[in-house]
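Worksheet: one structure, shown below.
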Amino acid sequence: MTQGALLVELGRLDLALMREEKVLDEIPEKLEILRLRKRLKEIEGVLEKADAYCRTAEAMVRKSADETALVQAKIDAEQSKVLSGSVTNPKELQSLTRELEALSRRKSAIEDETLALMEKSEAGAAQREKVEATLAQGHAKEAELIAAFREKGGEMQRAIEKLRAERTKVIAGIDPALLDKYEALRAAKHGVAVGVLEGDVCSACRTHLPADRAQAIALGPEVAECPNCRRLLVVVAGADS
Ligand SMILES: [Zn+2]
Numbered sequence: 264m265t266q267g268a269l270l271v272e273l274g275r276l277d278l279a280l281m282r283e284e285k286v287l288d289e290i291p292e293k294l295e296i297l298r299l300r301k302r303l304k305e306i307e308g309v310l311e312k313a314d315a316y317c318r319t320a321e322a323m324v325r326k327s328a329d330e331t332a333l334v335q336a337k338i339d340a341e342q343s344k345v346l347s348g349s350v351t352n353p354k355e356l357q358s359l360t361r362e363l364e365a366l367s368r369r370k371s372a373i374e375d376e377t378l379a380l381m382e383k384s385e386a387g388a389a390q391r392e393k394v395e396a397t398l399a400q401g402h403a404k405e406a407e408l409i410a411a412f413r414e415k416g417g418e419m420q421r422a423i424e425k426l427r428a429e430r431t432k433v434i435a436g437i438d439p440a441l442l443d444k445y446e447a448l449r450a451a452k453h454g455v456a457v458g459v460l461e462g463d464v465c466s467a468c469r470t471h472l473p474a475d476r477a478q479a480i481a482l483g484p485e486v487a488e489c490p491n492c493r494r495l496l497v498v499v500a501g502a503d504s
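For the sequence shown, the numbering used here assigns the number 264 to the initial residue and increments by one for each residue that follows.
Shown next as structure tokens:
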């Protein structure tokens with residue numbers, strides 16, 4: 264192959280590589296995985312809050328139950344005092360009875376409170392279970408997407424490696440100075456460094472060159488420069504001019 268033909272082939276390979284790499288980067292599963300991970304993070308945040316709520320509710324239930332036990336112990340102590348017969352003073356007995364009644368009311372109130380707290384705690388636990396189930400579903404979906412991404416991505420990765428291997432072969436045949444020029448232009452011109460003269464048009468910038476310029480380029484060296492976009496312009500032997 265001539266230098267011009269090699270340059271054109273290199274340009275073709277680099278465009279194909281750019282396309283494949285872009286597609287690989289934009290595999291729908293990849294975007295979906297990123298979106299899903301964001302969502303999973305949010306759900307994890309909700310789960311943390313649900314956990315904290317449950318812990319607080321459980322602690323409140325325990326505290327309330329402890330209080331009930333404490334009041335019960337007081338009731339037991341007062342009652343045994345009454346039953347022991349050691350208190351004979353009617354005034355004292357009356358005050359003990361009043362105290363017992365008050366303790367009973369207090370106990371009953373705490374028990375109601377405990378029940379309400381238990382309901383809250385159970386509701387919290389049920390909510391947490393729901394969040395956990397949602398999270399588990401999300402993780403399963405994530406695993407599915409990763410598997411699909413690996414399969415598709417693997418195929419593309421292999422195609423990219425094949426193109427890179429072809430590229431290595433092609434550049435081995437190109438004059439190093441010309442290759443440097445090509446790479447510099449590729450970096451400066453959005454990945455396209457070379458055009459082909461098609462009639463009076465540069466295939467890279469699609470500009471019609473003045474007829475005399477096109478003619479001169481067609482008759483000149485195989486690798487020229489586009490007067491418009493300054494890319495390498497290859498003259499294909501035998502092509503119309
Ligand atoms: Zn051009």
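The beta-carbon is built from N, C-alpha and C at its ideal position, and this holds for glycine as well.
From what residue to what residue does the beta strand (DSSP E) around E461 run?
-> Note, E461: beta strand (DSSP E), V457 to E461.
Beta carbon of F412, beta carbon of I290: below 8 Å?
-> yes
Three-state secondary structure (DSSP) at H453?
-> In this structure, DSSP gives H453 a state outside helix and strand, which the three-state scheme calls coil.
Please list, following the chain, all residues that have a C-beta closer than 6 Å to any non-hydrogen atom of ligand 1.
-> G458, C465, A467, C468, T470, C489, N491, C492 and R494
Which two residues bound the contiguous alpha helix (DSSP H) that contains A487?
-> Run containing A487: none in the alpha helix (DSSP H); it sits in the beta strand (DSSP E), V486 to E488.
Residue span of the beta strand (DSSP E) that contains L496, given as start and end | Run containing L496: L495 to V497, per the beta strand (DSSP E) assignment.
For S384, is the classification buried or exposed, using 16 other Cβ atoms within 10 angstroms of its Cβ as the cut-off for buried?
-> Here S384 is buried, its C-beta having at least 16 other C-beta atoms within 10 Å.
Given I457, which residues of its chain have a CB within under 8 Å of its CB, disregarding the five upstream and five downstream residues?
-> Per the sequence shown, the amino acid found at residue 457 is Val instead of Ile. Cβ within range, chain order: L270, V271, L273, G274, Y445, L448, A467, R494, L495, L496 and V497.
Which value, in whole angstroms, describes the spacing of the CA atoms of D375 and R302?
-> 40 Å
C-alpha distance - L398 paired with M381, whole-angstrom precision = When the Cα atoms are used, L398 and M381 turn out to be separated by approximately 25 Å.
Between which two residues does the alpha helix (DSSP H) containing D288 stretch?
-> Looking at the DSSP string, the run of the alpha helix (DSSP H) that includes D288 is Q266 to D288.
State buried or exposed for L426, treating a residue as buried only when at least 16 other CB atoms are found within 10 Å of its CB.
-> buried
Using DSSP with H/G/I as helix, E/B as strand and the rest coil, what is C317?
-> helix
Given a threshold of 16 other Cβ atoms within 10 Å of its Cβ, counted over all protein chains shown, does L472 qualify as buried or as exposed?
-> buried
Closest to V459 by CA distance: which of D443, R469 and K452 is it?
-> R469
Note down the Cα distance separating S504 from M264, rounded to an integer number of angstroms.
-> Summary for S504: the model assigns pLDDT 40, below 50, so the residue's position carries little reliability; its value from the coordinates is reported in the next sentence. Taking the straight line from one Cα to the other gives about 21 Å.
For the alpha helix (DSSP H) that contains D375, what are its first and last residues?
-> Element bounds for D375: P353 to A435.
So, using beta-carbon positions, are I437 and L280 closer together than 8 Å?
-> no
In terms of residues, what are the limits of the alpha helix (DSSP H) holding R476?
-> A474 to L482 is the extent of the alpha helix (DSSP H) around R476.
What number of angstroms, rounded off, separates the C-alpha of D314 from the C-alpha of V334?
-> Cα to Cα, the separation comes out at about 30 Å.
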